[in-house]
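Novice: Can you read through this structure? Questions will come right after.
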Amino acid sequence: MATTDAVVIGSGPNGLVAANLLVDAGWSVVVLEEQQTPGGAVHSDSSVADGYVHDTFSSFYPLAAGSPTICGLRLEEHGLEWVHAPSVVAHSFPDGRWGVLHRDRGETAAGLEEQAAGDGDAWLALCDTWDRVGDAVITSLLSPFPPVRGGAGMARHVLRAGGLEMVRQMIMPARTLTERLFRGEAARMLVAGNAAHADISFESPGSGAMGLLLVLLGQTVGFPVPRGGAGQLSGAMVRRLESKGGQVVLGERAEGVRVEGGRAVAVRTASREITVGRAVLADVSAPALYGGLVSWEQLPSRLRHRMGRFEWDPSTVKVDWALDGPVPWTNAPQAAPGTVHIGDSLDDVTLSGSQVAAGLVPERPFMLVGQMGVADPSRVPPSGGEALWAYTHVPQQVRGDAAAGRDDVREVRGTWDEGDLEAMAERMEARIESRAPGFRDRITARRVLGPHQLESMDRNLVGGAINGGTANLQQQLIFRPVAGSGRPETPVKGLYLASASAHPGGGVHGACGANAARAALWHDKTRNLWRRT
Ligand SMILES: Cc1cc2nc3c(=O)[nH]c(=O)nc-3n(C[C@H](O)[C@H](O)[C@H](O)COP(=O)(O)OP(=O)(O)OC[C@H]3O[C@@H](n4cnc5c(N)ncnc54)[C@H](O)[C@@H]3O)c2cc1C
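Right, dumping it as structure tokens:
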């Protein structure tokens with residue numbers, strides 16, 4: 001029977017960050033990963049077309065570049081190289097205008113000023129506030145909630161440095177926030193488009209926070225990508241872990257956690273049981289942990305009751321294309337952006353999100369687009385081309401198609417069979433074609449990943465949900481994953497929730513894993529002190 005200090009279940013970014021922090025503290029660690037490759041939703045592959053590297057799931061990593069924990073791992077010493085597109089992110093409007101976030105804030109401001117007088121200064125003022133409080137905001141957001149020790153200190157620093165107004169802005173709905181801050185659509189959509197990375201509507205509190213966080217990180221650390229593909233980020237974390245004695249076991253699924261006397265003592269797989277001396281850290285979704293890996297008999301009945309109200313985030317359809325040349329955008333910005341947002345206006349994106357909320361496949365989906373060859377030319381053949389992707393959200397339970405009845409659009413039924421995926425991909429292609437006439441002629445290969453495919457490649461992406469549960473306020477902070485949590489501890493001693501289902505939620509920042517590892521180390525220390533006295 002194998003024995004180790006800790007088992008980490010799942011090798012997503014949170015699992016790998018947790019495992020790295022534990023080996024740093026001298027623990028023996030085994031990471032169990034069901035798939036044949038590590039990294040969870042941080043993975044790349046070349047199966048769309050020869051010579052092209054596509055990120056299978058996530059692509060841009062402002063949250064990793066802004067995360068003190070991931071930066072502290074010094075992954076550059078383990079082969080990671082961050083690279084950047086000429087400009088960070090841009091919003092494409094139907095009339096050919098663009099809102100562009102440049103690497104340089106002065107250039108961003110100049111572009112926004114050109115479109116609406118006053119927006120340049122408003123942008124620079126926002127950046128100034130972020131300079132004073134940004135680090136503290138990030139540390140507070142990434143710490144366990146409610147913030148004790150370091151987190152509380154940071155919160156005080158934010159308030160002292162004049163960050164109260166920024167905190168107020170962050171609570172605002174993205175629509176209110178952007179309409180108050182800016183006069184022009186370009187600046188408004190730059191912020192709001194980033195808010196649309198989460199499933200919070202522009203009219204709900206919390207969407208402003210998501211928009212500001214991403215856009216201001218974009219202005220300060222950029223939207224970097226690992227040279228060679230997203231898998232290089234996971235690869236660097238695995239190499240670091242293994243160089244310090246940690247072990248990653250691929251193709252072995254954890255099937256249960258054995259609990260004795262209220263403490264996690266072993267992890268069961270199909271072929272063995274691994275005895276755990278100190279802790280189990282679960283980089284799995286909350287519903288997969290509670291009532292799944294740990295049976296309800298071992299858990300308080302109130303948790304079962306609360307988990308009954310757990311809310312997933314919407315589902316996702318992602319399309320990857322190999323192109324034989326760049327996307328022929330109308331009026332393409334001179335400094336090409338790595339990320340492009342497609343939505344006509346605040347109202348248009350609100351409508352698309354409302355259709356998803358109402359169970360309808362959106363008629364004109366808001367789309368996030370990644371130009372990976374622009375960001376990292378090593379991902380496309382030397383002769384040129386583009387490794388492009390776009391994803392959009394669709395309902396978890398489809399009740400209908402908002403485009404039903406239109407002659408020019410194929411209806412999506414919501415079974416997400418091949419026909420549905422083709423129809424959805426065509427709808428998304430039409431949206432890009434409207435901004436980039438001739439785009440379709442450049443497609444040489446295509447792959448469509450719908451809810452079933454996403455979940456089969458990473459079981460945390462339940463029904464195509466990408467964030468481990470809704471990012472709406474009712475399931476954030478002390479309500480994540482259920483009311484009364486916010487910290488990685490579970491009702492079972494020595495067992496910690498380390499995935500995006502825990503506070504602070506989705507995105508590649510590693511904070512859920514780091515919080516779990518730090519909690520495990522802290523409890524182990526106090527347990528040992530208690531034993532010695
Ligand atoms: C299409 C898509 C695009 C995204 N884009 C971005 C982006 O650009 N930037 C960004 O910051 N974030 C992005 N995200 C979100 C981000 O990728 C996730 O929030 C993040 O990967 C969550 O990390 P995690 O470690 O919690 O879980 P995951 O990355 O999902 O990893 C979980 C791992 O656990 C394994 N596992 C689960 N159960 C078991 C078990 N019982 N036994 C063994 N192994 C198990 C899974 O196989 C998987 O490898 C995107 C996500 C998706 C799906």
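The sequence shown runs 1 to 533 under the numbering used here. Heads up, the beta-carbon is just placed ideally off N, CA and C, and yes, glycines get one too.
1. Using 7 Å as the cut-off, classify the Cβ of Asn460 as near or not near the heavy atoms of ligand 1, replying yes or no.
2. What three-state label does DSSP hand Leu293 in the structure shown?
3. Whose C-beta lies closer than 8 Å to the C-beta of Pro62 among residues of the same chain, with five residues either side of it excluded?
4. Near Pro144, what residues of its chain come up, given a Cβ to Cβ distance below 6 Å and the 5 sequence neighbours on each side ignored?
5. For the beta strand (DSSP E) containing Gln247, name the first residue and the last one.
6. What is the DSSP secondary structure of Ser92, reduced to helix, strand or coil?
7. Which value, in whole angstroms, describes the spacing of the CA atoms of Lys525 and Ser59?
8. Per the DSSP calculation, Gln496 is bridged to which residue(s)?
9. Could you tell me which whole beta strand (DSSP E) segments of length 3 or greater appear in the segment 387-438?
10. Between the C-alpha atoms of Asp55 and Ala387, what's the straight-line distance to the nearest angstrom?
11. Reducing DSSP to helix, strand and coil, say where Trp522 ends up.
12. Does the count of Cβ pairs from the segment 72-80 and the segment 322-330 closer than 8 Å reach three?
13. Thinking Leu360 and Gly405 are a contact (beta carbons under 8 Å), I'd like their distance in whole angstroms, please.
14. Could you check where the alpha helix (DSSP H) with Thr4 kicks off and where it finishes?
15. Any idea which residues DSSP pairs Ile274 with across the strands?
16. Between Arg175 and Leu346, which are expected to be in contact by the criterion C-beta below 8 Å, what is the C-beta distance as a whole number of angstroms?
17. Rounded to whole angstroms, what is the Cα-Cα separation between Pro86 and Ala65?
18. Could you compute how far the alpha carbon of Arg188 sits from the alpha carbon of Gly291?
19. Using only the heavy atoms of ligand 1, determine whether one of them is closer than 7 Å to the beta carbon of Phe60.
20. Residues in its own chain within less than 6 Å of Asp538 by CB, not counting five upstream and five downstream?
21. Would the beta-carbon of Ala517 fall within 8 Å of that of Leu22?
22. Could you tell me the distance, in whole angstroms, from the CA atom of Pro94 to the CA atom of Leu101?
23. Can you tell me where the beta strand (DSSP E) holding Glu33 begins and where it ends?
24. Beta carbon of Ile9: closer than 7 Å to some heavy atom of ligand 1?
25. Starting from the N-terminal side, write out each stretch of the alpha helix (DSSP H) that is 4 residues or longer and does not extend beyond the segment 147-232.
26. Indicate whether the contact test is met: 3 or more Cβ pairs, each with one atom in the segment 458-474 and one in the segment 33-45, closer than 8 Å.
27. With distances taken from CA atoms, which of Leu323, Ala471, Cys512 is nearest Met210?
28. Can you give me the C-alpha to C-alpha distance between Tyr496 and Arg258, rounded to a whole angstrom?
29. Please state if the CB of Ala266 and the CB of Thr275 are separated by a distance shorter than 8 Å.
30. So the alpha helix (DSSP H) Val137 belongs to, where does it begin and stop?
31. With burial defined as no fewer than 16 other Cβ atoms inside 10 Å of the residue's Cβ, what is the status of Asn14: buried or exposed?
32. Assuming Leu323 and Gly256 make a contact with CB atoms under 8 Å, what is their CB distance in whole Å?
33. Can you tell which of Leu293, Cys127, Arg527 has its C-alpha closest to the C-alpha of Val8?
34. Quick one: which unbroken alpha helix (DSSP H) runs of 4-plus residues sit fully inside the segment 341-372? Chain order, please.
35. With respect to 7 Å, is the separation between the Cβ of Leu32 and the closest non-hydrogen atom of ligand 1 below this value?
36. On the DSSP bridge list, what partners appear for Arg70?
Specialist: Quick answer:
1. yes
2. coil
3. Leu214, Leu217, Gly218, Val221, Gly222, Phe223, Pro224
4. Arg487, Asn515
5. 247-250
6. strand
7. 37 Å
8. Residue identity differs from the one stated: residue 496 is Tyr in this sequence, not Gln. For Tyr496, which the question treats as bridged, DSSP gives the partners Leu281, Glu489.
9. none
10. 9 Å
11. helix
12. no
13. With 8 Å as the limit, Leu360 and Gly405 do not qualify as a contact, their Cβ atoms being about 12 Å apart.
14. Counting along the chain, Thr4 falls outside any alpha helix (DSSP H), though it belongs to the beta strand (DSSP E) covering 2-9.
15. Ala2, Val267
16. 6 Å
17. 17 Å
18. 43 Å
19. yes
20. The chain is shown from 1 up to 533; residue 538 falls before or after that span and cannot be answered.
21. yes
22. 18 Å
23. 29-33
24. yes
25. 150-160, 164-171, 174-181, 185-195, 207-220
26. yes
27. Ala471
28. 14 Å
29. yes
30. 119-142
31. buried
32. Rounded, the Cβ-Cβ distance is 46 Å, inconsistent with contact.
33. Leu293
34. 346-357
35. yes
36. The displayed chain sequence assigns Ile, not Arg, to residue 70. Ile70 pairs with nothing; no bridge assigned.
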